[in-house]
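**Student:**
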Amino acid sequence: MAKKLRYGDYLGAVRHRQRKLSYNEVVAHTRLSPRKTRLRMLDLYRLLGPYVGVRFVEQLVAVVPLAAFLVVFEFGVLHSEVHGWESIFLGMTAVICGLMLFMEGVKRGLMPFSENIGYTMPGKFSTPKVLGVAFVLGVMATLAEPAIGALKAAGSLVSRDATPYLHLMLNDRSDFLVLAVGFGVGLAVLTGMLRFIFGWRLKSLIIATLVPALSMTLLLSVDNRLEPIIGLAWDCGAVTTGPVTVPLVLAIGIGVSAATSRGDNPLSGFGIVTLASLFPPIAVMSLGLALSWGNFPVLEAASSLAVEPAWFERAPFDDIIAALRAILPLTLFLWLVQHWWLKSPVKEGKILVYGITLAVMGMMIFNVGLDYGLTPLGGQAGGMVPAAFAQFSSVQGSPLYPYWAGIGIALAFALLLGFGATVAEPALNAMGVTVQNLTDGAFTKKRLIHAVAAGVGLGVALGVAKVIFSIPMVMLIIPAYLLTLALTVISSEEYVNLAWDSAGVTTGPVTVPLVLALGLGLGKAVGAQDGFGILAMASVGPILSVLLTGMWIRWRVKQTSAIVERMNHG
Amino acid sequence: MNEDIIVLTDVVLITVIVQRGVADTVVRAAQKAGAQGATIFYARGTGVRQRHLGVLGVAVNAEKEVVYIVASSDQADRIFERIFVAAKLDTPGMGMIYMTHLEKMATHVPHDLIARMGNHE
């Protein structure tokens with residue numbers, strides 16, 4: 098019987114002859130003349146191929162479905178084409194590559210510092226010093242957050258005449274805005290640490306934070322120059338909890354809680370993220386108030402626009418400088434703490450330098466991609482949505498659908514976008530596993546993911562409705578958060594932890610810019626005052642849905658145990 | 004049970020240490036070369052070469068997979084070679100392979116096989 102044999106297998110089996118070499122000799126030789134290994138091109142390919150490949154695919158999976166959904170919607174439902182798709186395509190590629198480099202850079206360059214500091218600091222320093230370091234770290238990590246660039250990019254889509262203070266904060270005073278957000282996150286980290294030390298309950302903290310936040314919202318809504326800031330302020334809470342802040346801050350937080358608190362509380366990692374999404378809105382609203390009381394000359398900036406920008410303000414130099422300004426202070430701070438205060442040596446310096454270089458490069462490329470890929474794509478999709486239900490000059494035969502059907506299509510689009518973007522979020526998947534273990538399987542991973550995704554979807558839809566119908570932000574924020582407040586009061590502590598943190602997990606560096614640009618594009622197309630607020634609604638949504646699911650689970654568990662009891666008695 | 008335990012001799016253990024995720028390639032190559040099965044476990048560690056790689060060392064995963072393959076001594080060399088080629092072990096950082104003689108091993112041996120071969124003492 099003929100047996101098949103691959104020629105390659107045959108050659109491979111035949112070719113290799115074994116030659117013996119004593120390991121003793123090899124060791125003796127390397128000891129005599131230690132030298133760096135020479136690598137062939139093939140070796141480089143074999144080493145780097147999988148290394149790059151795995152990380153590239155990771156980001157590809159996060160970006161492509163979302164982008165594809167937007168393009169399909171524009172093409173299939175709105176019958177319009179994507180303008181400048183070549184530059185958008187290149188921009189999206191830049192986003193993927195930039196994120197890949199950036200994440201690897203943070204892992205190699207920043208995380209080792211943070212972990213080391215988190216574990217050794219509480220033993221060596223007094224508590225106030227630890228808190229000080231945590232605060233500064235919170236501020237600086239926020240500045241390094243890739244999504245924060247999206248806020249600045251979104252600023253170019255805001256009109257100055259309709260919303261002077263919003264325009265001022267996003268364009269000429271964007272540094273103030275970013276600093277305010279960072280300050281909020283720093284305070285949140287500080288409070289989170291204090292919570293570890295004193296064992297405060299998150300429930301009471303949330304109530305203590307929500308009350309001033311909501312009253313400030315009411316205060317701002319009275320002044321119609323400041324009213325547009327409310328949407329931006331609450332959106333900032335979602336922007337901050339991204340891939341840099343969360344791991345960096347958690348590494349320090351877990352170290353501190355292990356050193357200070359009694360016993361291992363599995364929930365101790367939670368909480369900081371929650372506070373980091375509540376404090377920034379307060380900080381941004383305070384900034385708005387300060388700007389209006391200080392009577393800042395709003396229109397002064399008009400003249401500066403005419404001036405030819407200096408070389409460092411033009412692309413791509415502005416992106417390079419922005420990236421350096423975001424990463425280097427954070428790195429320097431971490432290095433100083435480790436070197437001067439902790440006096441622990443920096444291990445593997447070369448790899449740290451490599452990581453930091455990657456992080457800076459990644460951020461640059463990501464910023465470019467943000468400008469040319471994510472922002473235009475989201476803006477276009479948002480700008481086209483009204484063609485479904487209103488007269489629109491650039492789309493032939495608009496309105497494409499009857500008014501209410503068109504509105505329905507727009508809201509369904511928003512719902513699907515929010516739901517889809519959330520289901521694919523890897524951080525949520527990881528959280529689902531933790532939750533399933535913590536609740537002994539009562540809250541399954543799948544149920545958590547679906548609850549959060551449904552909440553985000555509904556939130557995005559509500560936000561889009563807000564922009565289309567020009568509903569004042571106060572009317573949505575206040576009732577939504579009052580409802581969460583009420584539910585928080587009656588829910589148990591563990592579900593409160595879970596629900597509030599799930600809001601922060603869902604807003605990654607791809608979703609945030611896309612949704613921001615979408616809202617602004619939509620706002621411009623329908624002539625709304627501002628397009629912010631969608632992200633804010635997308636973060637309240639999951640809090641509500643998870644709290645409700647938690648209550649439903651508790652109710653069902655009680656029901657079943659009651660039935661079992663009745664059966665036992667009967 | 005008063006049956007004898009069948010003890011196999013001429014047995015070789017091949018151990019392969021590779022980066023996390025490569026074990027499947029190793030097992031496939033080994034099975035193609037005639038190996039019956041394999042045991043994989045997870046480990047972590049870094050090697051001599053990896054230290055010499057410098058910054059390129061980041062491309063090498065410290066998480067490792069260790070593959071145990073027990074084979075007959077006739078097959079062993081061929082399996083050894085096939086794995087070496089398939090796992091690209093000539094590239095620094097990719098891992099290593101070694102082979103040791105086993106004094107004896109025992110497992111399920113089909114009854115009809117024993118009957119056919121007769122009893123070797």
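Residue numbers (the numbering used here), protein chains in the order written: chain A, 98 to 667; chain B, 4 to 124.
Using N, Cα and C, we set each Cβ at its ideal position, and we do this for glycine too.
Nothing here was measured: the structure is a model prediction, and the numbers come from that model.
1) Got a sec? Which residues, its chain only, sit under 7 Å from A:Val520 by beta carbon, not counting five neighbours each side?
2) To the nearest angstrom, report how far apart B:Gly50 and B:Gly98 are at their CA atoms.
3) When you compare the CB of A:Tyr578 with every CB in chain B, is at least one pair closer than 8 Å?
4) What number of angstroms, rounded off, separates the C-alpha of A:Ala403 from the C-alpha of A:Leu240?
5) Just to confirm before moving on: does the CB-CB distance between B:Val131 and A:Tyr451 stay below 8 Å?
6) Please state whether DSSP places A:Gln115 in a helix, a strand or coil.
7) For B:Gly40, decide whether its Cβ has a neighbour in chain A, counting only Cβ atoms nearer than 8 Å.
8) Please decide whether A:Gly116 counts as near chain B, where near means a Cβ-Cβ distance under 8 Å.
9) Please compile the residues from chain B whose C-beta is within a distance smaller than 9 Å of the C-beta of A:Leu136.
10) Tell me the DSSP secondary structure of A:Ser588 in three-state form.
11) In terms of DSSP beta bridges, what is B:Leu105 paired with?
12) Say whether chain A places a C-beta atom closer than 8 Å to the C-beta of B:Ala90.
13) Could you confirm whether any beta carbon from chain B is found closer than 8 Å to the beta carbon of A:Lys655?
14) Count the other CB atoms within 10 Å of the CB of A:Met313; is the residue buried (16 or more) or exposed (fewer)?
15) With H, G and I counted as helix, E and B as strand and the rest as coil, what does DSSP make of B:Ala36?
16) Rounded to the nearest angstrom, what separates A:Val557 and A:Asn464 at their Cα positions?
17) Taking the alpha carbon of A:Leu323 as the point to measure from, which residue in A:Gly195, A:Ala247, A:Ser383 has its own alpha carbon closest?
18) Flag this pair as yes or no: are the beta carbons of A:Val553 and A:Pro639 separated by less than 8 Å?
19) Below 7 Å CB to CB, which residues in the same chain sit around B:Ala83 once its five sequence neighbours on both sides are set aside?
20) I'd like to check one pair, A:Gly630 with A:Leu619: are the Cβ atoms closer than 8 Å?
21) Using the beta-carbon count (16 or more within 10 Å), is A:Leu429 buried or exposed?
22) Is it true that the region 452 to 463 of chain A meets the region 415 to 428 of chain A, where meeting means three or more beta-carbon pairs spaced less than 8 Å apart?
23) Verify whether the separation of the beta carbon atoms of A:Leu144 and B:Ala62 is less than 8 Å.
24) Have a look at the DSSP bridge pairing and note the partners of A:Ala348.
25) Would you please verify whether the beta carbon of B:Val63 is less than 8 Å from any beta carbon of chain A?
26) Report, in whole angstroms, the separation of the C-beta atoms of A:Gly281 and A:Pro377, which I expect to be a contact under 8 Å.
27) Quick check on A:Phe273: does DSSP put it in helix, strand or coil?
28) With contact counted as at least three CB pairs below 8 Å, one residue from each stretch, are the region 231 to 240 of chain A and the region 333 to 346 of chain A in contact?
29) When the Cα atoms are used, what is the spatial distance from A:Val721 to A:Ala524?
30) Any idea if A:Thr224 is buried or exposed, counting beta-carbon neighbours within 10 angstroms, 16 or more meaning buried?
31) Buried or exposed for B:Tyr45, going by 16 or more other Cβ atoms inside 10 Å?
32) Closer than 7 Å, Cβ to any Cβ of chain B: which residues of the region 427 to 460 of chain A, in chain order?
33) Output the distance between the C-alpha atoms of A:Pro473 and A:Leu388, rounded to the nearest integer angstrom.
34) Along chain B, which residues have their Cβ under 7 Å away from the Cβ of A:Arg205?
35) Measuring only between beta-carbons, confirm whether A:Asp269 sits less than 8 Å from chain B.
36) In angstroms with no decimal places, state the Cα-to-Cα distance between B:Asp27 and A:Lys204.
**Tutor:** According to the structure shown:
1) Answer for A:Val520: Ile546, Ala550, listed in chain order.
2) Spanning the two alpha carbons is a distance of roughly 8 Å.
3) A:Tyr578 is outside the set of residues whose beta carbon lies under 8 Å from a beta carbon in chain B.
4) Note on A:Ala403: pLDDT 40, under 50, position unreliable in the model; the coordinate value appears next. Cα-Cα distance, rounded: 28 Å.
5) Residue 131 of chain B falls outside the range modelled here, since chain B spans only 4 to 124, and no answer is possible.
6) Coil, per DSSP.
7) No, because no Cβ of chain A sits closer than 8 Å to the Cβ of B:Gly40.
8) Residue identity check: residue 116 of chain A is Arg in the sequence provided, not Gly. Put simply, the CB of A:Arg116 is far from chain B, with every gap to its CB atoms at 8 Å or more.
9) By Cβ distance, chain B contributes Leu56, Leu59, Thr94, Pro95.
10) Note: A:Ser588 maps to coil in three-state DSSP.
11) Partner residues in the beta bridge of B:Leu105, as assigned by DSSP, are B:Val14.
12) No, B:Ala90 lies away from the interface with chain A (no Cβ there is under 8 Å from its Cβ).
13) Not one beta carbon of chain B lies nearer than 8 Å to the beta carbon of A:Lys655.
14) Of the other Cβ atoms in all chains shown, 16 or more fall within 10 Å of the Cβ of A:Met313; this residue is therefore buried.
15) When secondary structure is reduced to three states using DSSP, B:Ala36 falls in the coil class, being assigned neither helix nor strand.
16) Taking the straight line from one Cα to the other gives about 24 Å.
17) Nearest option by C-alpha distance: A:Ser383.
18) Yes; because the gap between Cβ atoms is below 8 Å, this pair is in contact.
19) A quick correction: the sequence has Phe, not Ala, at residue 83 of chain B. Around B:Phe83: Ile17, Ile100, Met102.
20) Result no, Cβ atoms of A:Leu619 and A:Gly630 do not sit closer than 8 Å.
21) When all chains shown are included, A:Leu429 counts as exposed.
22) Taking 8 Å as the limit for Cβ pairs, the verdict is that the region 415 to 428 of chain A does touch the region 452 to 463 of chain A.
23) The answer is yes: Cβ separation under 8 Å.
24) According to DSSP, A:Ala348 bridges with nothing at all.
25) Interface annotation, B:Val63: in contact with chain A, CB-CB separation under 8 Å.
26) About 3 Å; that satisfies the 8 Å criterion.
27) Here A:Phe273 sits in helix by DSSP.
28) Yes, they touch.
29) Outside the shown range of chain A (98 to 667) lies residue 721 of chain A, about which nothing can therefore be said.
30) Counting the other CB atoms within 10 Å of its CB gives A:Thr224 a total below 16, which places it among the exposed residues.
31) With a threshold of 16 other beta carbon atoms within 10 Å, B:Tyr45 falls short and is exposed.
32) Taking a C-beta cut-off of 7 Å against chain B, the contacting residues of the region 427 to 460 of chain A are Lys447, Ile448, Tyr451, listed in chain order.
33) Each residue's Cα considered, the two are about 30 Å apart.
34) What A:Arg205 touches in chain B: Val61.
35) Chain B contact via Cβ: absent.
36) Approximately 27 Å between the Cα atoms of the pair.
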